Amino acid sequence: MVVKSLQGDTVDLICWRYYGRTAGVLEQVLDFNRGLADLGPVLPMGTLITLPPQPVQAGTKRIVQLWD
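To convert, note that position 61 of the sequence shown is 576 in my numbering; the numbers rise steadily by one, no gaps.
Set out below in structure tokens:
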């Protein structure tokens with residue numbers, strides 16, 4: 516999937532928007548788009564970013580409920 520950055524977007528924000536998380540995903544997106552990190556923390560508006568289809572999740576989350 517290819518997405519276009521909006522004004523004020525960062526790679527973290529784009530990962531959060533499309534994957535719902537940044538842990539373990541950010542690195543994969545940067546590896547998939549060589550040179551993206553060279554653009555700086557805030558991406559120029561209209562930058563095309565190719566997102567990996569389904570990034571491998573780094574770990575599993577344990578959900579703790581108050582009434583366990």
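Quick reminder that beta carbons are idealized off the backbone N, C-alpha and C, glycines included. What you are looking at is a predicted structure, and each value in this text was computed from that prediction instead of being measured.
Residue burial is scored here from C-beta neighbours: D553 has fewer than 16 other C-beta atoms within 10 angstroms and is therefore classed as exposed. Here L554 carries a helix assignment [DSSP, helix/strand/coil]. By the CB criterion at 8 Å, P568 and F547 fall outside the cutoff. In the three-state scheme derived from DSSP, where H, G and I count as helix and E and B as strand, I578 is classed as coil.
Residue environment for I578: exposed (fewer than 16 other C-beta atoms within 10 angstroms of its C-beta).
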